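Residue numbers (the working numbering): 821 to 944. Ideal placement from N, C-alpha and C gives every residue a C-beta, glycine not left out. All of these numbers come straight from a predicted model, not from anything done at the bench. Single-structure report; data block below.
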């Protein structure tokens, strides 16, 4: 991936503290708001430890995430050791999920530098 695109994706993903996580699996289609933190092009999510998302991720790690200005398709992994991107209080009763992006769709911005959507594909 070109450094320019990687830097753009990093800036976009770092600018949000919440996103909607969508999973599919034995518990059915699930979508809910979660806390998120970007570190480079990787996103870390705080998922409640009783969430059906965790059950779904055991059988299908593919996820979709959305925020106001982007949509992301990626692969999720439940992590035990993660960077300190959330406080101890935030982590209480939650599981940290790392999302490795596959594709990032940057949505059109009405008053921004672009009035069209962009797509960034990440290295597999």
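Distance, residue 833 Cα to residue 869 Cα
In the chain shown, residue 869 corresponds to position 49, counting from 1. In the chain shown, residue 833 corresponds to position 13, counting from 1. So the two alpha carbons sit approximately 24 angstroms from each other.
Considering just the uninterrupted stretch of the alpha helix (DSSP H) at residue 827, what are its terminal residues?
Stepping through the chain shown from its first residue, residue 827 is reached at position 7. 823-834 is the extent of the alpha helix (DSSP H) around residue 827.
Spatially closest choice to residue 857 from 939, 918 and 937, by CA coordinates:
Residue numbering aside, residue 857 sits at position 37 when the chain shown is read from its first letter. For the residues 939, 918 and 937, the minimum Cα distance to residue 857 belongs to 918.
Taking residue 841 and residue 873 to be in contact with their CB atoms under 8 angstroms, please state how far apart those CB atoms are, rounded to whole angstroms.
Reading the chain shown from its first residue, position 21 is the one you call residue 841. Reading the chain shown from its first residue, position 53 is the one you call residue 873. Correct: roughly 6 angstroms between the Cβ atoms.
Other residues of its chain near residue 799: CB distance less than 8 angstroms, five sequence neighbours each side excluded:
What is shown of the chain runs 821 to 944, which leaves residue 799 out entirely.
What residue from 866, 828 and 897 has the CA that sits closest to residue 839's CA?
Walking along the chain shown from the start, residue 839 turns up at place 19. Of 866, 828 and 897, the residue nearest in Cα terms is 866.
Quick check: the stretch 911-928 against the stretch 874-894, are there 3 or more CB pairs under 8 angstroms?
Three or more Cβ pairs closer than 8 angstroms define a contact, and the stretch 911-928 meets that threshold against the stretch 874-894.
Which residue's Cα is closest to the Cα of residue 779: 822, 897 and 902?
Only positions 821 to 944 of the chain appear in this structure, which leaves residue 779 out of reach.
Given this structure, state the Cα-to-Cα distance separating residue 899 from residue 907, to the nearest angstrom.
Translated into the one-based positions of the chain shown, residue 899 becomes position 79. Translated into the one-based positions of the chain shown, residue 907 becomes position 87. Going from the Cα of residue 899 to the Cα of residue 907 covers about 16 angstroms.
Contact set for residue 926: own chain, Cβ-Cβ below 6 angstroms, skip 5 residues either direction:
Along the chain shown, read from residue 1 onward, the residue named residue 926 stands at position 106. Counting only Cβ-Cβ distances below 6 angstroms, and skipping sequence neighbours, we find 890 and 938.
Should residue 876 be labelled buried (16 or more other beta-carbon atoms within 10 Å of its own) or exposed?
On the chain shown, position 56 is the one that residue 876 refers to. Burial call: buried.
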